[in-house]
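Using my numbering, read the sequence shown as starting at 41 and increasing by one per residue.
Data block below; observations after.
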Amino acid sequence: MRLIALALLLIGGAAFVYLWKLGEKGQSATHWPSASGTIVESRLDIRSHNGGDGNRDDYLPQLRYRYSVGGVTLESTIRRYPNPGVMQSRDQAEAVLAKYPNGAVVRVYYNPERPQEACLEPGEHWTAWAGKALTLLVAAAGLVLLLKGED
Numbered sequence: 041m042r043l044i045a046l047a048l049l050l051i052g053g054a055a056f057v058y059l060w061k062l063g064e065k066g067q068s069a070t071h072w073p074s075a076s077g078t079i080v081e082s083r084l085d086i087r088s089h090n091g092g093d094g095n096r097d098d099y100l101p102q103l104r105y106r107y108s109v110g111g112v113t114l115e116s117t118i119r120r121y122p123n124p125g126v127m128q129s130r131d132q133a134e135a136v137l138a139k140y141p142n143g144a145v146v147r148v149y150y151n152p153e154r155p156q157e158a159c160l161e162p163g164e165h166w167t168a169w170a171g172k173a174l175t176l177l178v179a180a181a182g183l184v185l186l187l188k189g190e191d
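Structure, rendered in structure tokens:
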């Protein structure tokens, strides 16, 4: 039981730190300079999964955009920090792609210290807060189990 408690504590703590850093990057992006960019790829990847509860599809909006900083042309695929992964709703994924169609001119926020780090939507998304809360619960469960094991 002690090993499980330690694992929960370490995994929850490490995941919290990771999500904290991503959230901080998203917040920092609100202060980054911006440049004009162009969407060069906007497509939907569909990933089918066969499981015990039947077949299901996951939808992944794929975006790639090009922008220039100081005369250097750069590309990125990051929409926001943390960058969302797959979605279970096709409509939700298509709504993202409708916002960023091929050829669209977009505002790109880039890190002035590392211009190759960029995003289209600055700020910390609510999913980062939800993820941090969940990882803290996992770490807290590990801590409680660890302390109860010492009784």
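Just so you know, even glycine gets a beta-carbon here, dropped at the ideal spot from N, CA and C.
Item checked: Length of the line joining the Cα atoms of residue 180 and residue 41 -> 15 Å
Notebook entry, point to check: Closest by CA to residue 129, which one among 119, 154, 84?
Noted result: Nearest of 119, 154, 84 to residue 129, Cα basis: 84.
Margin query: Between which residues of its own chain and residue 161 is the CB-CB distance below 7 Å, once the five residues before and five after are set aside?
Written below: 119, 120, listed in sequence order.
Check: Start and end of the beta strand (DSSP E) containing residue 58?
Finding: Not the beta strand (DSSP E): residue 58 falls in the alpha helix (DSSP H), residues 42-68.
Next item on the list: Let me know if residue 77 comes out buried or exposed under the rule of 16 or more other beta-carbons within 10 Å of its beta-carbon.
Entry: buried
Next item on the list: Identify the continuous beta strand (DSSP E) that holds residue 81 and give its terminal residues.
Entry: 74-91
Margin query: Contact between the stretch 50-69 and the stretch 169-179 is defined here as three or more beta-carbon pairs at a separation below 8 Å; is this criterion met?
Written below: yes
Check: On the three-state DSSP scale, how would you describe residue 143?
Finding: coil
Checklist line | Beta-carbon gap between residue 151 and residue 79 smaller than 8 Å | finding: Their beta carbons are not under 8 Å apart, which means residue 151 does not touch residue 79 by this criterion.
Check: Can you check whether the CB of residue 103 is closer than 8 Å to the CB of residue 117?
Finding: yes
Notebook entry, point to check: With 16 as the cutoff for other CB atoms within 10 Å, does residue 61 come out buried or exposed?
Noted result: exposed
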